[in-house]
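Counting in our numbering, the sequence shown runs from 278 upward without gaps.
Think of the CB as a built atom: it goes at the ideal place given N, C-alpha and C, for glycine as much as any other residue.
In this text, all values refer to a predicted model and were calculated from it rather than measured experimentally.
Notes to accompany the following structure.
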Amino acid sequence: MKKLTFYILLALIGWNTAALAQNVNGKITDPEGKALPGASVLLMSLPDSILTKFAIADGKGQFVLKGAKAGKYLLQVSFTGFKPLNKPLTLEKGKELSLGDVKLEEDKKMLKEIVVKEDRVPIVIKKDTIEYNSKAFRTKPNANVEKLLKQLPGVEVDKDGKVKAQGKEVKKVLVDGKEFFGKDPKIATKNLPADAIDKVQVFDDKSEMSKFTGVDDGDREKTINLVLKKNRKGGFFGNVSAGYGTDDRYNGKFNFNRFDSKTQISLLGGANNINEQPFSFVDYVGFVGGFQNISQGAISNIRSGGTSGLSALLRLNSSQALASTQVLGVNFNRDISKKTRLHANYFYNFIGNDINQVTDRETFVDSSTFFTNTTRDQTLRNWNHRANMRLDHNFGKKTRLRFYVDLLYNEGNNDEANITDNRLNDASVSQANSNTQANSQELGVNTRLLFRKRFGKRGRTLVFQGQVGTQNLESVDRLNNEQSAGILLPSLVTNQRQPLNNRQLNYDVQLSFIEPLGRGRFVEVKYQRNNFNNNSFKDFFNAGVTPETFIDSLSNRYTNDFTFDRGIVNFLYNKNNLNLTIGASAQYSTLNGVITTSETRIDRVFMNVLPSVRLRWRMAGSKGLNINYSTNINAPSMDQLRPVVDNSNPTNIFQGNPELDAEFVHRVNLNYYSFDQFSFTSIFGGFTGSYTQNKITNKVINDRLLNQFSQPVNVHFDANINGYLSYSTPLRWMAAKIRVNGNASLGQGIVFVNSVENTINRRTNSIRFTLENFRKKKMDIKAGATFSQNFTAYSDANDLDRTFMQEDYFVEGDLDLGKTWELGVNFTQSVFTGEAFTGGAQIVPLLRASLAKSFIQNRLQLKLIAFDILDRNQGITRNSSLNFVQEQRVQTIGRYFMVSLAYSFKALGKKGK
């Protein structure tokens, strides 16, 4: 059946291959006959001027347009510095047309008898920028930018909305060269309408430092710039949609945009209960990361001490629960003057999750295993506000100032009930019934100042950067836990109130100077001082008595201050397309902590030399090689150091270890990329590896009731290596393109199974195939499969080795039924197998479909949506870690039907047409 389905898909994707037998070839030259490599060649059907085929002339100026239907066409050829050439063609069935030399002349007159509706040159290559003309790529009514990007050769968008261009992930999306809602590219691609875009520019953006100093450090960030149509500047545009369905399902959203040459204003909003998250947590994670891991010398693994707050929500895949969302965002850009620019945005985000989850875990102890079944019923609510402001001012061509302010307020509620059953040799050993209620509030402010001064000599630069931030987290957890072990032993009841107050303050100061040495050589001298101060108060009260009593043995209050001073020297070589940086830093770190509840001091000193090497080689023809080697230390946190028992979870008790040493981490990264702009074939591959000395891991001991006691300890090493490869190329013989992604990782480390040291080997492999049609005039269809394997082996307990697999298949397609009707179908099936799980294979099919009708010149769309038609949707996750494997099954959104209405509006500016 699977093979039959696959062959049917191949037939659908290449359904018109047999009819597309006519080819057109030729050579593009200047008037003297010199080849013009990189010229754009397109074939447009007449009389509607719709793009049918296109190609880019190769290094010899030659091109081939394959598989066009018989009929009348207009051939359009363009090249920078030459006027476009328009030539009418008639293709006869079964015959190839050879045009020979096609000469472009500056004074060539356009053919008057041919009417071209719009300028549809699809692709223009300008040095390092590939520019796509949106008019040449068809999108459906009310489509967003993401739909447009999917049509562009060399650009890929996955099911989660992640964009890749020329094989590399797009990290930044600009609108008319300006930031749009911070660092999350999806906000622009999922919310801006496709019909507002004139050009899509794809390029490797240099770092801010490189652009200012003129010294190319080799850092590149794949960037997309969306150039708006002229008639969308000076007026306003946007869209609004609303839908309602069975089981009270709803989905509504809107966006409003007003752009001109100096000001950009955008307003976005929405609400739904169908597990859609319009915005991501990119900016929030970046904000919090500024406190918890400011640099490679800062403290890592800070424990929040509670179960409330956004941290619990971030661990959850909202697509695998019952989620409702409310969002509101405002983005503002203003060129105050020629020297001053302001960028600001604000987000409000509410997420509510109702989680019904069952977890089956197999835990390895000594030479045997025990099984744990946990049923969780949880209600999570989170309200998040975030505001960012950036002010840029140029005092002149050689002096620039940038000032940042980030604000965060977060409030969360968590109501959770768990029922746990531990079984050994098919007999129940212990049961636990716990209820947790938690509330939290979090407030954070972060400011940063960046000053850059360029001197007369090229490359001579002084840079100062300062950052100050503060964050305050307050929470109260109420825990009621009852654990029993049969009728012969009394039940253990825990009834506690656990208030937490965690205050953090940090600053970071950096001063660097770059001096040119001649012949593309530079030296950078840098000093950095970083301080992280944390005051934490977590008290435990026995809430089972009246009045409550303070539990001194569990309560802990501490203050810690982590500071490092770092001196850095880097030697840079920058010539042509080669960038090499060799450097080293000497870091002196101190950790001073006081556990006030026991008057215990923890003082540690770390002294390290941290070498680094970075190579960037940008080869001809959009190829490149990057090699990085870096080192850093991870100092143990106060939570890991303080010898205080934490029984926030009575079945998983934690105690710190004051004898911990810092981790020393070596990392190496190598990647190669190649993109052929003539054939649109891309290759991206490489590997990353890490080796950690004095790795901090948890030593786990299980008691007779199978409760877990863990304490961090240092082990000799931990090593990981990950290899990846991505290949994409057109299959012109079937008017399709194929993409293959492979990933393999190996890891080795040391774990403790009931105090017995074991060397653990971890291996994961995955491969993904995707096939989609190339010509999307009437139909857009994509099919593929992913196969992944996870393997874990133990040195001294081979009978505990485990393997499990997952297969994912998908088919998705859109079909135009006339000019105003559109049919969409999406089918996925996940298959979970493997000896690691006794429950056998799990199969989850998911079928979705939609039917849409457009009105009022495609500005209004009525859509019928059917989700989970088979009513088989279920969230399943399998993973392995340390000494266990587990499967989690989450109740998620089931079958529903919805009717929605979407309207696109615009009011053009004075120059709009």
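query	result
Boundaries (first-last residue) of the alpha helix (DSSP H) holding Glu-423	422-428
Closest by C-alpha distance to Val-886, when choosing among Val-871, Leu-868, Ala-861 and Tyr-521	Ala-861
Residues bridged to Thr-1154 [DSSP beta-bridge criterion]	Gln-1165
CB of Ala-1013 within 7 Å of CB of Phe-1051, strictly	yes
Beta-carbon contacts of Gly-797 that lie in its chain and below 7 Å, excluding the five residues immediately before and after	Tyr-850, Asn-851 and Lys-852
Helix, strand or coil at Arg-1009 [DSSP, three-state]	helix
Candidates Thr-652, Thr-840, Leu-902 and Gln-478: closest to Asn-854 by CA position	Leu-902
Inter-stretch contact at 8 Å, needing at least 3 Cβ pairs: the stretch 678-692 / the stretch 711-722	yes
Straight-line gap, Gly-673 to Val-682 (C-alpha atoms, nearest Å)	23 Å
When Ser-317, Arg-891, Gly-338 and Val-990 are compared against Asn-363, the one with the closest alpha-carbon	Ser-317
Cα-Cα separation, Gln-339 to Arg-1009	17 Å
Contact under 7 Å by Cβ, Trp-660 with Phe-624	no
Those residues which DSSP pairs with Gln-742 across a bridge	Leu-727 and Gln-787
Secondary structure of Val-392, DSSP reduced to three states	Any reading at Val-392 must be qualified, since the residue scores a pLDDT of 39, below 50, and its modelled position is unreliable; the value itself is stated next. Correct three-state label for Val-392: coil.
Residues sharing a beta bridge with Phe-359, DSSP	Phe-356
Short Cβ contact (7 Å threshold) for Arg-891 with Thr-858	yes
Nearest-angstrom beta carbon gap, Leu-1124 and Ile-1146 [assumed within contact, 8 Å]	4 Å
Rounded C-alpha distance that separates Gly-310 from Met-321	25 Å
Residues bridged to Lys-380 (per DSSP)	Thr-306
Leu-545 in three-state terms, based on DSSP	strand
Enclosing alpha helix (DSSP H) for Phe-531 [first to last residue]	Phe-531 -> not in any alpha helix (DSSP H); beta strand (DSSP E) instead, spanning 527-536.
Pick from Ser-1131, Leu-678, Asp-654 and Asn-1156 that is closest to Ala-420, judged by C-alpha positions	Ser-1131
For Phe-1087 and Lys-280, the rounded distance between their alpha carbons	With a pLDDT of only 47 at Lys-280, under the threshold of 50, the placement of this residue in the model should not be trusted, and no figure is reported.
Beta-carbon proximity of Ala-715 to Asp-754, cut-off 7 Å	yes
Cβ separation of Asp-1078 and Asp-1057, assumed to be a contact under 8 Å, to the nearest whole Å	Wrong, their Cβ atoms sit about 44 Å apart, outside the cutoff.
Nearest neighbour of Asn-991, chosen from Ile-879, Leu-544, Pro-913 and Glu-1049 [CA to CA]	Pro-913
Start and end residues, alpha helix (DSSP H) containing Ser-487	485-490
Three-state secondary structure assigned by DSSP to Ile-927	It should be noted that the sequence gives Pro, not Ile, for residue 927. It is coil, neither helix nor strand.
Endpoints, beta strand (DSSP E) assigned at Ala-861	855-872
CA-to-CA distance, Leu-937 to Ser-1072, given in whole angstroms	25 Å
For Lys-424 and Gly-547, the rounded distance between their alpha carbons	20 Å
Closest Cα partner of Leu-605 within the set Ser-411, Phe-533, Pro-308 and Thr-676	Phe-533
Own chain, CB closer than 6 Å to His-662, minus 5 neighbours either side, in chain order	Tyr-625 and Tyr-686
Buried or exposed (CB count within 10 angstroms, at least 16 for buried), Phe-1174	exposed
Proximity below 7 Å, CB of Ile-872 to CB of Arg-919	yes
Continuous alpha helix (DSSP H) stretch holding Asp-1204: start and end	No answer is possible for residue 1204: it lies beyond the span of the chain, which begins at 278 and ends at 1190.
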